[in-house]
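Chemist:
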Amino acid sequence: MTWYAIALLVIIFGLAGMLWYQVYGMVKLDAKSRGLKRPRLWGYFASSADSGLLLYLLGRRNYVSTMNEADQAEMEGRKKQALWLVVLLVAATVLLLAAMML
Amino acid sequence: MQIGAKLKAARAQAGLTQEQVAEKILVSRQSISNWENERNFPDIISVIRLGELYGVSLDTLLKGDEAMIRHLDESTNVVKSNKKLLIAVLINLLLMAALFVMMTASSVNEILLFVVLTLVLISTGIVFYQIIRKI
Numbered sequence: 184m185t186w187y188a189i190a191l192l193v194i195i196f197g198l199a200g201m202l203w204y205q206v207y208g209m210v211k212l213d214a215k216s217r218g219l220k221r222p223r224l225w226g227y228f229a230s231s232a233d234s235g236l237l238l239y240l241l242g243r244r245n246y247v248s249t250m251n252e253a254d255q256a257e258m259e260g261r262k263k264q265a266l267w268l269v270v271l272l273v274a275a276t277v278l279l280l281a282a283m284m285l
Numbered sequence: 049m050q051i052g053a054k055l056k057a058a059r060a061q062a063g064l065t066q067e068q069v070a071e072k073i074l075v076s077r078q079s080i081s082n083w084e085n086e087r088n089f090p091d092i093i094s095v096i097r098l099g100e101l102y103g104v105s106l107d108t109l110l111k112g113d114e115a116m117i118r119h120l121d122e123s124t125n126v127v128k129s130n131k132k133l134l135i136a137v138l139i140n141l142l143l144m145a146a147l148f149v150m151m152t153a154s155s156v157n158e159i160l161l162f163v164v165l166t167l168v169l170i171s172t173g174i175v176f177y178q179i180i181r182k183i
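First to last, the protein sequences are chains C and E. The first sequence maps to residues 184 to 285 in the working numbering. The second sequence maps to residues 49 to 183 in the working numbering.
1. Residue ranges of each alpha helix (DSSP H) run of no fewer than 4 residues wholly in the region 73 to 120 of chain E, ordered along the chain?
2. When Cβ atoms are compared, which residues of the region 158 to 175 of chain E fall closer than 9 angstroms to chain C?
3. Check whether the Cβ of Asn-245(C) lies closer than 8 angstroms to any Cβ atom in chain E.
4. Taking contact to mean 3 or more Cβ pairs, one atom from each stretch, closer than 8 angstroms, check whether the region 62 to 71 of chain E and the region 171 to 182 of chain E are in contact.
5. Give me the residue from Ala-57(E), Arg-77(E) and Lys-72(E) with the minimum Cα distance to Gln-66(E).
6. Distance, Cα to Cα, Lys-54(E) vs Glu-100(E)?
7. Compare the C-alpha of Ala-281(C) against each of Met-150(E), Lys-56(E), Thr-166(E) and Lys-131(E) and name the closest.
8. Go through its chain and collect everything with a Cβ distance to Ala-188(C)'s Cβ below 8 angstroms, but skip five positions before and after it.
9. The alpha helix (DSSP H) that contains Arg-221(C), what's its start and end?
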């Protein structure tokens, strides 16, 4: 493996970790605003796997969100960061693929 | 008046306890309490059953409660509220099928494989993007 492939792998792990943290934070905030018990546990559950997040989004539908403005602003900030992290993750993975295959 | 307050008033009018209502419409007493205190919304079937039990029309229960109507629209129209996500998932599945076919072929053009893999990654990223937007 070349040095830049290893560097890309490290970057990918870093980005994935940061994305995990943002999703955990968003779900924790959302669960808290909907009055769900143990919002941190929901955060861990939803951020641990794609199906966890989907299950959370399906299950929360009957609970009303009462987020205050400060939490809403935090949510929007985290969402923007998460979306950018997804874009960067995809780009880094494509570069790694190119480094390894071409 | 929001649906929670209407349900509470209708139950009081009907002279029923939360336990009695819960038993009749086959939900937990806690659910009745949550709906009346607006901690969450009842599903449409429960709203219909409550209307029948209390002798109150759906129109009376739902009219003017925009939040409840939005909730019902989102929860009953799964396709409408998840159109982009469903399209992204479908494209992702098709690309993964194409990738699978290519991987099982005897000889594969590396550049074509790279292109398909890239498309799979991009479509997976789009699926994640759509899911995160829904949080």
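Using N, Cα and C, we set each Cβ at its ideal position, and we do this for glycine too.
Modeler: Reading off the structure:
1. Taking 4 residues as the minimum length, the alpha helix (DSSP H) runs contained wholly in the region 73 to 120 of chain E are 77 to 84, 92 to 102 and 106 to 110, in order along the chain.
2. Result list: Glu-158, Ile-159, Leu-161, Phe-162, Leu-165, Thr-166, Leu-169, Ile-170, Thr-172, Gly-173, Ile-174 and Val-175.
3. Taking the first residue of the first sequence as 1, we reach residue 245(C) at position 62. True, the Cβ-Cβ gap to chain E drops below 8 angstroms.
4. Too few Cβ pairs lie closer than 8 angstroms, so no.
5. Along the second sequence, one-based indexing puts residue 66(E) at 18. When only C-alpha atoms are compared, the closest one is Arg-77(E).
6. For this step, residue 54(E) is matched to residue 6 along the second sequence. For this step, residue 100(E) is matched to residue 52 along the second sequence. Take the alpha-carbon of Lys-54(E) and the one of Glu-100(E): they are about 14 angstroms apart.
7. Taking the first residue of the first sequence as position 1, residue 281(C) is located at position 98. Among Met-150(E), Lys-56(E), Thr-166(E) and Lys-131(E), the Cα nearest to that of Ala-281(C) is on Thr-166(E).
8. Walking along the first sequence from the start, residue 188(C) turns up at place 5. Within the same chain, Ala-188(C) has close Cβ partners Leu-279, Ala-282 and Met-283.
9. Translated into positions along the first sequence, residue 221(C) becomes position 38. From DSSP, Arg-221(C) is part of no alpha helix (DSSP H); its letter is neither H nor E.
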